[in-house]
Amino acid sequence: MNNQNHNKKDGLSRRQMLKLLGASALTYGLLGASTKAFSNTAPHIVIVGGGIGGAAAAKYLRLLNAEVKITVIEPNSQYIFCPGSNEVIPGWVTLEDLMVTYTTLKTRYKVNVIHDKATTIDYDKKQVKLEKGDVLSYHKLIVSPGPTHGYHAIEGFSKELADGDFPAAYDAGRQTMNLRNQILAMKKGGTVIIAPPENDYRCPPAPYERASFVAAMLKENNPTGKILILDAKDEFVLSNNYIPYWEKTFGYGTDNSMIEWVQKKKGGEVVKLDASNHAVVTADGQTHKGDVINIIPPEAAGQFALKNDLADDRWCPVEFQDFSSTRHKDVYVIGDSVDGSPMPKTGYIASNQARVVVQAINDELHGREVGTPFIVNDCVAMAGHDYGMALSTTFRYAGKGERLKDLYYVQGLETNPAKQLIRQQVAENWQRTFRKDIFE
Amino acid sequence: MKKFLLSFLLIISSLVFFNVQASDDIIGGLTLEENFQLAKKFPMPSPWLLAAQCSACHGTLGAEYNEIIPPLAGMNKEEFIERMQEYKTGEANDFIVMGIITQPITDEEIIAMAEFFAEQKPVPWSKEKGHKDVVVPEWAKMEVNKHDKGVE
Ligand SMILES: Cc1cc2nc3c(=O)[nH]c(=O)nc-3n(C[C@H](O)[C@H](O)[C@H](O)COP(=O)(O)OP(=O)(O)OC[C@H]3O[C@@H](n4cnc5c(N)ncnc54)[C@H](O)[C@@H]3O)c2cc1C
Numbered sequence: 001m002n003n004q005n006h007n008k009k010d011g012l013s014r015r016q017m018l019k020l021l022g023a024s025a026l027t028y029g030l031l032g033a034s035t036k037a038f039s040n041t042a043p044h045i046v047i048v049g050g051g052i053g054g055a056a057a058a059k060y061l062r063l064l065n066a067e068v069k070i071t072v073i074e075p076n077s078q079y080i081f082c083p084g085s086n087e088v089i090p091g092w093v094t095l096e097d098l099m100v101t102y103t104t105l106k107t108r109y110k111v112n113v114i115h116d117k118a119t120t121i122d123y124d125k126k127q128v129k130l131e132k133g134d135v136l137s138y139h140k141l142i143v144s145p146g147p148t149h150g151y152h153a154i155e156g157f158s159k160e161l162a163d164g165d166f167p168a169a170y171d172a173g174r175q176t177m178n179l180r181n182q183i184l185a186m187k188k189g190g191t192v193i194i195a196p197p198e199n200d201y202r203c204p205p206a207p208y209e210r211a212s213f214v215a216a217m218l219k220e221n222n223p224t225g226k227i228l229i230l231d232a233k234d235e236f237v238l239s240n241n242y243i244p245y246w247e248k249t250f251g252y253g254t255d256n257s258m259i260e261w262v263q264k265k266k267g268g269e270v271v272k273l274d275a276s277n278h279a280v281v282t283a284d285g286q287t288h289k290g291d292v293i294n295i296i297p298p299e300a301a302g303q304f305a306l307k308n309d310l311a312d313d314r315w316c317p318v319e320f321q322d323f324s325s326t327r328h329k330d331v332y333v334i335g336d337s338v339d340g341s342p343m344p345k346t347g348y349i350a351s352n353q354a355r356v357v358v359q360a361i362n363d364e365l366h367g368r369e370v371g372t373p374f375i376v377n378d379c380v381a382m383a384g385h386d387y388g389m390a391l392s393t394t395f396r397y398a399g400k401g402e403r404l405k406d407l408y409y410v411q412g413l414e415t416n417p418a419k420q421l422i423r424q425q426v427a428e429n430w431q432r433t434f435r436k437d438i439f440e
Numbered sequence: 001m002k003k004f005l006l007s008f009l010l011i012i013s014s015l016v017f018f019n020v021q022a023s024d025d026i027i028g029g030l031t032l033e034e035n036f037q038l039a040k041k042f043p044m045p046s047p048w049l050l051a052a053q054c055s056a057c058h059g060t061l062g063a064e065y066n067e068i069i070p071p072l073a074g075m076n077k078e079e080f081i082e083r084m085q086e087y088k089t090g091e092a093n094d095f096i097v098m099g100i101i102t103q104p105i106t107d108e109e110i111i112a113m114a115e116f117f118a119e120q121k122p123v124p125w126s127k128e129k130g131h132k133d134v135v136v137p138e139w140a141k142m143e144v145n146k147h148d149k150g151v152e
């Protein structure tokens, strides 16, 4: 749509950048920023979104560069990690465990955090406007607003209903607690409907991990309870682990199974929520009543990215060497909003994309060639307390205009109980280390 | 520490008493050969970026260790290379991530990471909660359900 900005080369030239930096800034500093104020001429890197992608970008940029001014715009005063939030539903971890503040980013990493919502980008003036009226000028803008949850794609569904009786719980927070409380209070022998979305969406295995955890929870409190997965897809990642685990643990595939999974081609796709009857309607016209209804709506790039013309259609296209937007210059998009296939939308990926971006920006500030990107995703998921899984992927650069190329390896069913347990322990440990890596 | 020891014992016992192979692994995308060709075609990613890919599990730039994931920072260069090569060639037990994730990494990249990590400092993981100023809203308060909790 907007073509005039496509030539990114006429952004701030390297020489101008270097001038702005001042000679002293050429040191490859690590946290040297602790005592001095940032000079007025220091390049200003503004980051929209203080979630996993945004916070990782802020922290890792500071690790590379002591001189730049870094500002994060984030409406919430605390962030709640999604990784681990499925465990909140059965109560294996608390929401408190997943909560972090911006204090360390501010004090240790000298990041200016503004608690407000970014609204519009003026690409010509290189400014971002905030809801409360502030206007920030940037040299480089990193955008990581997470996804838009498309509640309205499901007839009869809305954000208000998700905040009320029909939690989607696909951001960690109130809806997560609400889902937990509803399942705890569900009548004996009731049915929990979980409706995973079509591709792409954040954390592809999470709806199935959720089904697994809810089954474990019901087994303990409500053993005649059932889970009905009504899916907008025919397949899901890590099913080579989940299905055998469900067979072994929840009688999956038998008449007595606690979990039933209905693929899209078998009529699984939910198209409508009938809130007053506490039911959903699938594409084949069938009505399914649920005592607890958890519809995870389809996703698109974050509202901020959509409104500011950073998305082609649903997601934001980027040049993969540095994640710069192909639509507007001096803007970078990372995290769930990116059209990043074959990269899945995970926190692990968002944080590693952040590292690629800040290295590229830092290289450019120092007048160096921008380096080659390399990205790892190690998805360590769980099926239960006793079962962990690993899916490891590396993504290599394949040239200008090309998508990154993946090489993936999904570990299969692990029959050795000791190994299963170790994998599960790794998954648990990972969550803690990851939270600290991003926010401490 | 108890947890660490227990995990360690489990690792040992799994090596000695079981020799069950994982089944149904799914491998896709590039072949290893195509991966190495791509790696050759473009300049090597920087040591910093390579090392940073390990941060999410091993702590920021490999610096932090907890009860089951070891630190990389401060590791002797030769030892790092040797361990990575053992994982890569399948001589080391590959029950978690390392036996897999090392496959597509080139020998040059392993050396660059070894040199980078050798210069970093390890930090022990502390059980202390880092964010003491978290305010837990009323709606978020809940009890932990420790029932049936693995090796706790
Ligand atoms: C149940 C569940 C389990 C998951 N488990 C895992 C896991 O085990 N491992 C893993 O790697 N990933 C996991 N994920 C995925 C992971 O949470 C996301 O991929 C990751 O959070 C993406 O990071 P992001 O920066 O794009 O978005 P987010 O982390 O969502 O951050 C976006 C931030 O931007 C802010 N924002 C939005 N709009 C604006 C605006 N206009 N102005 C300012 N700020 C704004 C938001 O408030 C938010 O804080 C899971 C997700 C879910 C739902």
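Chains A and B supply the protein sequences, listed in that same order. Counting in full-length UniProt numbering, the first sequence tops out at residue 440, every number present. Counting in full-length UniProt numbering, the second sequence tops out at residue 152, every number present. Where is the CB? At the ideal position from N, CA and C, for every residue including glycine.
If you drop the 5 nearest sequence neighbours on each side, which residues of the same chain put their C-beta closer than 8 Å to that of A215 (chain A)?
Correct list, in chain order: I227, W246, T249, F250, M258 and I259.
In whole angstroms, what separates the C-alpha of S46 (chain B) from that of Y397 (chain A)?
Between the C-alpha atoms of S46 (chain B) and Y397 (chain A) there is a straight-line separation of about 13 Å.
Residues near E78 (chain B) in its chain [Cβ-Cβ closer than 8 Å; skip 5 each side]
For E78 (chain B), where only same-chain residues beyond five positions count, the Cβ hits under 8 Å are A114.
Comparing C-alpha positions only, which one of A:D134, A:M343 and A:Y109 sits nearest to T120 (chain A)?
Considering only alpha carbons, the answer is A:D134.
Check whether the stretch 61-78 of chain A touches the stretch 188-206 of chain A, taking contact to mean three or more Cβ pairs, one atom from each stretch, closer than 8 Å.
The stretch 61-78 of chain A is not in contact with the stretch 188-206 of chain A.
Do you know how far the Cα of G388 (chain A) is from the Cα of S325 (chain A)?
Their backbone Cα atoms lie some 36 Å apart in a straight line.
Does the distance from the CB of L136 (chain A) to the CB of T94 (chain A) come in under 8 Å?
No, Cβ-Cβ distance for L136 (chain A) and T94 (chain A) is not below 8 Å.
S337 (chain A) beta carbon less than 8 Å from that of A301 (chain A):
In contact: A301 (chain A) and S337 (chain A) (Cβ atoms closer than 8 Å).
In three-state terms, what does DSSP make of T249 (chain A)?
It is helical.
Assess, as a yes-or-no matter, whether the stretch 233-240 of chain A is touched by the stretch 158-169 of chain A under the definition of 3 or more beta carbon pairs within less than 8 Å.
Verdict: no, contact absent.
Give the C-beta separation of A57 (chain A) and I334 (chain A) to the nearest angstrom, bearing in mind that I take them to be a contact with Cβ-Cβ under 8 Å.
The pair is a contact, with the Cβ atoms about 7 Å apart (cut-off 8 Å).
Can you tell me where the alpha helix (DSSP H) holding E34 (chain B) begins and where it ends?
E34 (chain B) -> alpha helix (DSSP H) spans L32 to K41.
Beta carbon proximity, Q263 (chain A) to chain B, threshold 8 Å:
The beta carbon of Q263 (chain A) does not come within 8 Å of any beta carbon belonging to chain B, so the residue lies off that interface.
Check whether the Cβ of C316 (chain A) sits closer than 7 Å to any heavy atom of ligand 1, and report yes or no.
Checking every heavy atom of ligand 1 against the Cβ of C316 (chain A), none is found closer than 7 Å.
Helix, strand or coil for P244 (chain A)? Go by DSSP, reduced to three states.
Three-state DSSP puts P244 (chain A) in a helix.
Beta carbon of I121 (chain A): closer than 7 Å to some heavy atom of ligand 1?
Incorrect: I121 (chain A) has no Cβ contact closer than 7 Å to ligand 1.
Among residues of its own chain, excluding the 5 on either side of G173 (chain A), which ones have a beta-carbon nearer than 8 Å to its beta-carbon?
These residues qualify, in order along the chain: I80 and L95.
Identify which residue in A:R180, A:N40, A:Y138 and A:P145 has its Cα closest to the Cα of W139 (chain B).
Closest in C-alpha terms to W139 (chain B), from the list A:R180, A:N40, A:Y138 and A:P145, comes A:R180.
Among B:H58, B:I100, B:I110 and B:P104, which residue has its Cα nearest to the Cα of E82 (chain B)?
Looking at the Cα atoms, B:I110 is the closest of the given residues.
Note down, in chain order, each residue of its chain lying with its Cβ closer than 7 Å to the Cβ of V135 (chain B), except the 5 sequence neighbours on either side.
No residues qualify anywhere along the chain.
So A381 (chain A) and L238 (chain A) are in contact, right, with Cβ under 8 Å, and what is the actual spacing, rounded?
Correct: roughly 6 Å between the Cβ atoms.
Run through chain A and tell me which residues come within less than 7 Å of A73 (chain B), C-beta to C-beta.
Counting only Cβ-Cβ distances below 7 Å, A73 (chain B) has no contacts in chain A at all, with the closest Cβ about 13 Å away.
As assigned by DSSP and simplified to three states, the class of C54 (chain B):
In this structure, C54 (chain B) counts as coil in the three-state DSSP scheme.
Using a Cβ-Cβ cut-off of 8 Å, state whether G90 (chain B) counts as contacting chain A.
It does not: the Cβ of G90 (chain B) has no partner Cβ on chain A nearer than 8 Å.
Cβ of P75 (chain A) within 8 Å of Cβ of K117 (chain A)?
Using a Cβ distance threshold of 8 Å, P75 (chain A) and K117 (chain A) count as a contacting pair.
Taking the C-alpha atoms as reference points, what is the distance between Q103 (chain B) and N377 (chain A)?
Spanning the two alpha carbons is a distance of roughly 14 Å.
According to DSSP, is M217 (chain A) part of a helix, a strand, or is it coil?
In the displayed model, M217 (chain A) falls within a helix according to three-state DSSP.
Helix, strand or coil, according to DSSP, for V426 (chain A) in the structure here?
It is helical.
Just checking: is the beta-carbon of V376 (chain A) within a distance shorter than 8 Å of some beta-carbon in chain B?
Output row for V376 (chain A): interface = yes.
For the putative contact between V262 (chain A) and V271 (chain A), defined by C-beta atoms under 8 Å, what is the C-beta separation to the nearest angstrom?
In fact, because the Cβ distance is near 13 Å, the residues do not count as touching under 8 Å.
Within the UniProt domain "FAD/NAD(P)-binding" (44-160) of chain A, ranges of the beta strand (DSSP E) (whole runs, at least 3 residues):
Whole beta strand (DSSP E) segments, 3+ residues: 44-48, 69-73, 78-80, 99-101, 112-114, 118-122, 127-130, 135-137, 140-143 and 147-149.
How long is the line joining the alpha carbons of T433 (chain A) and P70 (chain B), rounded to whole angstroms?
Computed Cα separation, rounded: 11 Å.
Exposed or buried, what is L30 (chain A) when buried is set at 16 or more other beta-carbons lying within 10 Å of its beta-carbon?
The predicted position of L30 (chain A) is uncertain, since its pLDDT is 36 and thus under 50; a value taken from the coordinates is nonetheless stated next. Its Cβ having fewer than 16 others within 10 Å, L30 (chain A) is exposed.
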